[in-house]
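One line per chain: the protein sequences are A and B, in this order. So the first sequence is numbered by the numbering used here: it starts at 1043 and just counts up by one. So the second sequence is numbered by the numbering used here: it starts at 14 and just counts up by one. Just so you know, even glycine gets a beta-carbon here, dropped at the ideal spot from N, CA and C. Treat the numbers as computed from the prediction; the structure is a model and nothing was measured. Report on one structure; see the data block that follows.
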Amino acid sequence: NAGVTQTPKFQVLKTGQSMTLQCAQDMNHNSMYWYRQDPGMGLRLIYYSASEGTTDKGEVPNGYNVSRLNKREFSLRLESAAPSQTSVYFCASRLAGNGVETQYFGPGTRLLVL
Amino acid sequence: AQSVAQPEDQVNVAEGNPLTVKCTYSVSGNPYLFWYVQYPNRGLQFLLKYITGDNLVKGSYGFEAEFNKSQTSFHLKKPSALVSDSALYFCAVRDFRSGAGSYQLTFGKGTKLSVIP
């Protein structure tokens, strides 16, 4: 099992450009999450998907959209990138069930917006 | 609102000495608590969790954490630190939203652990 994979690993954008960050998991997990990590801020939740076909806003959703394409894939889209969106983005997944609480993280995407 | 505090931005410890990374939390109900570790340029890796039961939880790589309900703390500990333990450590608490069918983790800001040879 590859676990949680993310593409690309690194991206440079100009202000106003758009891009989609891809995430896939092969663990048959129900729930998936997108976080951003900034120095001194910890991880902040952008959006999550409790199950296929559902999405919900997290703590910092402005400027982002998501799509739960199927059970495996959860993408994050920046329609018009801003320098404030320079960050490291992590995708995570979780198997929802009794006592199964752990989230598993991908390796991250480093995004630089100029 | 649920919250997690990691009061130390950085902890330095000599190799072979015991280490403690502190975490306090605030939740309205019973907490589900987690520790994750992040090595440079890597994603977060799960270390251990407290759901219910024994207050001392054992996890990966020789780490353990002690849940203290009266002090609302969940400190991470290891009896003998290794240089390879140097990393960024995150404490997290479950933030259950009834009816949402899922839950969110609220993370602390992280503590950088440096183990000095």
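Cβ proximity to chain A below 7 Å picks out Tyr45, Arg55, Gly56, Leu57, Phe59, Lys62, Ile64 from the region 44–67 of chain B. Glutamine 1053(A) carries a strand assignment under DSSP once its states are collapsed to helix, strand and coil. The region 46–103 of chain B is shown to contain whole beta strand (DSSP E) runs of 3 or more residues at 46–51, 57–63, 69–71, 77–81, 86–91, in chain order. Distance between glutamine 23(B) and asparagine 54(B), taken at the CA atoms: about 18 Å.
Here the region 30–38 of chain B lies against the region 80–91 of chain B, with 3 or more beta-carbon pairs under 8 Å apart. Listed as beta-bridge partners of lysine 125(B) by DSSP are Gln23(B), Leu101(B). For glutamine 117(B), the enclosing beta strand (DSSP E) begins and ends at 116–120.
If you keep only unbroken beta strand (DSSP E) runs of at least 3 residues inside the region 1096–1133 of chain A, you get 1107–1110, 1116–1120. Valine 1155(A) is bridged by DSSP to Leu1055(A). In this structure, Ser1091(A) is the residue among Leu1120(A), Ser1091(A), Val1102(A) with its C-alpha nearest to the C-alpha of asparagine 1112(A). At a cut-off of 8 Å, the C-beta of leucine 126(B) has no neighbouring C-beta in chain A. A buried status is given to glutamine 117(B), since no fewer than 16 other beta-carbon atoms sit within 10 Å of its beta-carbon. Neighbours of methionine 1083(A) across chain B, judged by C-beta separation under 7 Å: Lys122. Secondary structure note for valine 34(B): its beta strand (DSSP E) is the uninterrupted segment 32–34. The closest CA to that of glutamate 1094(A), considering only Pro1149(A), Tyr1075(A), Arg1152(A), is found on Tyr1075(A). Secondary structure of methionine 1061(A) (DSSP, three-state): strand. The residues Glu28, Val128, Pro130, in chain order, have a CB closer than 7 Å to that of valine 96(B) in the same chain once the five nearest residues on each side in sequence are set aside. Distance from the CA atom of glycine 75(B) to the CA atom of threonine 1049(A), rounded to whole angstroms, is 32 Å. Beta-bridge pairing by DSSP links aspartate 1080(A) to Gly1084(A).
The Cβ atoms of glycine 1105(A) and leucine 1120(A) lie closer than 8 Å to each other. Under DSSP, glutamine 1048(A) forms a beta bridge with Cys1065(A). The CB of leucine 118(B) comes closer than 7 Å to the CB of Gln1145 in chain A, given here in chain order.
Counting of Cβ neighbours within 10 angstroms places alanine 1066(A) among the buried residues, the total reaching 16 or more.
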